[in-house]
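In the working numbering, the protein residues as written are 144 to 416. No residue lacks a Cβ here, since even glycine has one placed at the ideal position from N, Cα and C. Data first, discussion second: the structure below is written as structure tokens.
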């Protein structure tokens, strides 16, 4: 006998609702950096002075997605070019006197700036600019400045938009610096805490990364000049109460940042600790 035919099982389609207004999360922004250079020589080809800086723009796709940020970076780029020419013209008169005195032993005055983007995504564009200048005298001067921009508007983001408790910041930051620079004497850090307690918000130089906020201090700013440049990072995982949550989110696909040359960069290799 033949087996009886099996009646097929009826199935009903599962009804699903489309997801509307799904939050894509933090999306990366592509940044392009190119070195720029202006210089001046004598008629005998002796270098008088030179100025270098980095021009920062967005890729075509990112500029289309964030037109106001792209416009802001273009504006800053024009300002940097004008500043470079101004610095060059200021250095030339003294450089000419030095060249007349030293001849080919004079190697020129300089002002150099390099950019390292610390974070570039839909929440913030944050970049550090390390400068080094020699314009005569016993030693050069150097330090760090920063841009922190809102990608949607191109305007500056203030520190109080990222830090929730500005009153607590000096104490926490002084402690972070005490732990990092434990070879400096205690009196120095007593002074640092006192100095930071009197800081205006706009006096801080800072950048936002993907693990925390880093603060930068030029030589002799808050400690003796022999200590050099100082910087310290407040980590998201160590001080979660200090940060606005929107700025602690990571891009779903990961991230990459350039590392400044000849510069120590602090990284938390065990963020779960």
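Residue i and residue j closer than 9 Å at C-beta
{"i": "residue 357", "j": "residue 339", "result": "no"}
{"i": "residue 133", "j": "residue 247", "result": "Residue 133 is absent from the structure shown; the chain starts at 144 and stops at 416."}
{"i": "residue 307", "j": "residue 384", "result": "yes"}
{"i": "residue 258", "j": "residue 199", "result": "yes"}
{"i": "residue 294", "j": "residue 264", "result": "yes"}
{"i": "residue 271", "j": "residue 359", "result": "yes"}
{"i": "residue 287", "j": "residue 194", "result": "no"}
{"i": "residue 196", "j": "residue 217", "result": "no"}
{"i": "residue 241", "j": "residue 280", "result": "no"}
{"i": "residue 342", "j": "residue 393", "result": "no"}
{"i": "residue 275", "j": "residue 303", "result": "no"}
{"i": "residue 182", "j": "residue 251", "result": "yes"}
{"i": "residue 387", "j": "residue 305", "result": "yes"}
{"i": "residue 366", "j": "residue 266", "result": "no"}
Residues that residue i bridges to, as DSSP identifies them
{"i": "residue 269", "result": "262 and 291"}
{"i": "residue 200", "result": "175"}
{"i": "residue 192", "result": "183 and 252"}
{"i": "residue 257", "result": "273"}
{"i": "residue 286", "result": "274"}
C-alpha distance - residue i paired with residue j, whole-angstrom precision
{"i": "residue 370", "j": "residue 319", "result": "16 Å"}
{"i": "residue 313", "j": "residue 203", "result": "40 Å"}
{"i": "residue 269", "j": "residue 277", "result": "27 Å"}
{"i": "residue 397", "j": "residue 262", "result": "12 Å"}
{"i": "residue 296", "j": "residue 231", "result": "33 Å"}
{"i": "residue 375", "j": "residue 409", "result": "8 Å"}
{"i": "residue 300", "j": "residue 291", "result": "6 Å"}
{"i": "residue 201", "j": "residue 310", "result": "36 Å"}
{"i": "residue 164", "j": "residue 214", "result": "A caution first: residue 164 carries a pLDDT of 40, below 50, which makes its placement in the model unreliable, though a value can still be read off. Whole-angstrom Cα-Cα distance: 28 Å."}
{"i": "residue 399", "j": "residue 351", "result": "14 Å"}
{"i": "residue 185", "j": "residue 234", "result": "13 Å"}
{"i": "residue 368", "j": "residue 362", "result": "5 Å"}
{"i": "residue 189", "j": "residue 228", "result": "19 Å"}
{"i": "residue 238", "j": "residue 289", "result": "29 Å"}
{"i": "residue 364", "j": "residue 322", "result": "19 Å"}
{"i": "residue 209", "j": "residue 298", "result": "12 Å"}
{"i": "residue 256", "j": "residue 346", "result": "20 Å"}
{"i": "residue 172", "j": "residue 315", "result": "31 Å"}
{"i": "residue 205", "j": "residue 245", "result": "50 Å"}
{"i": "residue 176", "j": "residue 395", "result": "24 Å"}
{"i": "residue 317", "j": "residue 243", "result": "48 Å"}
{"i": "residue 220", "j": "residue 391", "result": "28 Å"}
{"i": "residue 226", "j": "residue 284", "result": "17 Å"}
{"i": "residue 344", "j": "residue 355", "result": "18 Å"}
{"i": "residue 372", "j": "residue 327", "result": "13 Å"}
{"i": "residue 207", "j": "residue 260", "result": "20 Å"}
{"i": "residue 115", "j": "residue 249", "result": "As shown, the chain starts at 144 and ends at 416. That puts residue 115 outside it, with no answer to give."}
{"i": "residue 273", "j": "residue 379", "result": "24 Å"}
{"i": "residue 211", "j": "residue 335", "result": "38 Å"}
Residue i, enclosing alpha helix (DSSP H) - first and last residue
{"i": "residue 302", "result": "302-305"}
{"i": "residue 321", "result": "312-323"}
{"i": "residue 224", "result": "210-245"}
### Task
Entirely within the region 331-396 and at least 3 residues each: give me those beta strand (DSSP E) ranges in chain order.
348-351, 355-360 and 373-378
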